[in-house]
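Residue numbers (this note's numbering): 5 to 115.
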């Protein structure tokens with residue numbers, strides 16, 4: 005399980021951008037990469053997913069994908085909602101309406 009977002013201290017020199025994480029979600033939506041649900045949703049609606057080595061902690065409450073709380077690449081680079089919001093966005097908000105619907109469908113289908 006991934007660490008809760010409030011416990012994460014990121015090394016900003018190796019942090020993931022919202023666009024990098026969005027690209028993994030986009031590739032999963034398009035069927036290029038495989039999205040597997042690892043855990044969740046928990047009581048707060050958080051779901052841990054693996055997209056071919058990328059670990060994401062997603063806020064998926066009420067069958068709607070709200071945002072990405074945390075991400076870690078296979079190389080160990082990390083990103084979190086706090087750092088992305090400083091720049092006014094998060095990976096989920098960069099998805100098209102169709103891509104968002106596809107990712108939500110994948111999350112529901114993998115339960």
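Virtual Cβ for every residue (Gly too), placed ideally from N, Cα, C.
Here the structure is a predicted model, which is why all the values come from computation and not from measurement.
Closest in C-alpha terms to residue 86, from the list 99, 46, 72, comes 72.
In this structure, DSSP gives residue 77 a state outside helix and strand, which the three-state scheme calls coil. Remark: C-beta atoms of residue 51 and residue 37 do not approach each other more closely than 9 Å.
The residue from 35, 20, 105 with its alpha-carbon nearest to that of residue 64 is 105. As for any beta strand (DSSP E) of minimum length 3 sitting wholly inside the segment 23-86, the runs are 39-43, 50-55, 58-65, 68-76, 82-84, ordered along the chain. Straight across, the Cα-Cα distance linking residue 99 with residue 49 is about 20 Å. In the structure shown, residue 97 adopts helical secondary structure according to DSSP, grouped into three states. Leaving aside the five residues that flank residue 103 on each side, the residues in its chain whose CB is nearer than 6 Å to its CB run, in chain order, 30, 33.
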